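Scroll down for the structure; my scribbles are underneath it.
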Amino acid sequence: MIDATVVHRRRRPSEHAFRYRLAYLCLDLGALETAAGRWLKLDRPGLVSFRRADHGGRDGGDLAAWLRGILTGHGLSEVCDGDVVLMTMPRMLGYVFNPVSFWFCCDRAGALRAVLCEVNNTFGEGHCYLVHHGDLRPIEPEAWLDGRKVFHVSPFLPVEGAYRFRFRLDERTVHFDVNFHDAQGLMLATSVGGRREPLADRAVLRRFLGNPTMTVGVMVRIHWQALQLWRKRARFYRKPAPPTQLVSR
Numbered sequence: 062m063i064d065a066t067v068v069h070r071r072r073r074p075s076e077h078a079f080r081y082r083l084a085y086l087c088l089d090l091g092a093l094e095t096a097a098g099r100w101l102k103l104d105r106p107g108l109v110s111f112r113r114a115d116h117g118g119r120d121g122g123d124l125a126a127w128l129r130g131i132l133t134g135h136g137l138s139e140v141c142d143g144d145v146v147l148m149t150m151p152r153m154l155g156y157v158f159n160p161v162s163f164w165f166c167c168d169r170a171g172a173l174r175a176v177l178c179e180v181n182n183t184f185g186e187g188h189c190y191l192v193h194h195g196d197l198r199p200i201e202p203e204a205w206l207d208g209r210k211v212f213h214v215s216p217f218l219p220v221e222g223a224y225r226f227r228f229r230l231d232e233r234t235v236h237f238d239v240n241f242h243d244a245q246g247l248m249l250a251t252s253v254g255g256r257r258e259p260l261a262d263r264a265v266l267r268r269f270l271g272n273p274t275m276t277v278g279v280m281v282r283i284h285w286q287a288l289q290l291w292r293k294r295a296r297f298y299r300k301p302a303p304p305t306q307l308v309s310r
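Numbers 62 to 310, taken from our numbering, label the letters of the sequence shown in order.
Spelled out as structure tokens, the structure:
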């Protein structure tokens, strides 16, 4: 698990920032069945649970097979031939809304080669950004990678410009940045970071008891922050149709 700090800093036209603490699961797709325990349920109701149907094809099927299909379709299957770790929030009391989940795809030597950013908006739509170097080399801790923004996530940000990604993770910590740039430069800087610890029953229970309404709170906070931006007279953008392709690079 990861006790993470999530930070958003909007630079313009008016500054707006917030910081929250959230708990994430880090699940090895090759050993997903072993993640279940006394307090973390897999595809079953529980205080804390993970459901395959919340991710991938949303049909409850094999997530590893779904991801392999995407990697193969984009010419990445040969370099992404190692472990895959899914970082996402669990359901708590049966509910979750994940604005973004991260699928870290490594090679056999353990080097990070690609990251699939699985994004959801509050309209029930989803899109994935597949992030990697053009020459497929390992993703270095200080490397920034770019991807064109094609999916609506906020009525206060346009569907244009580009994201810049940076990923730093090891056995003890995870930290990554996702920044949004428009024609004028950096507009929104976001980051997620925290320490990793084993997915033990005690750790799962401690996170639940510490904040049992965490996942409901994510949705509440999204609308609260939207209200703050509206009060600051941030420009409002109507939601366009979602992209026809599930994955963009």
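Where is the CB? At the ideal position from N, CA and C, for every residue including glycine. Owing to the predicted nature of the structure, the values given are computational and were not obtained by experimental measurement.
Query: Per DSSP, cross-strand counterpart(s) of alanine 78; Result: Arg70
Query: Buried versus exposed, by CB contacts within 10 Å (16 or more), threonine 276; Result: buried
Query: Where aspartate 369 falls, given that 16 or more other Cβ within 10 Å makes a residue buried; Result: Look at the range of the chain in this structure, 62 to 310, and you will see that residue 369 is not part of it.
Query: Contact under 8 Å by Cβ, leucine 177 with leucine 128; Result: yes
Query: Which of helix, strand or coil DSSP assigns to threonine 276; Result: helix
Query: Contained alpha helix (DSSP H) runs [length at least 4] in the stretch 82-155, N- to C-terminal order; Result: 124-134
Query: Cβ pair count under 8 Å reaching 3, the stretch 253-263 against the stretch 88-107; Result: yes
Query: Cβ shell of serine 365 (< 6 Å), same chain only, five flanking positions each side left out; Result: No answer is possible for residue 365: it lies beyond the span of the chain, which begins at 62 and ends at 310.
Query: Three-state secondary structure (DSSP) of glycine 271; Result: helix
Query: Span of the beta strand (DSSP E), counted from its first residue to its last, around serine 252; Result: 246-257
Query: Status (buried if at least 16 other CB within 10 Å, exposed otherwise) for tyrosine 156; Result: exposed
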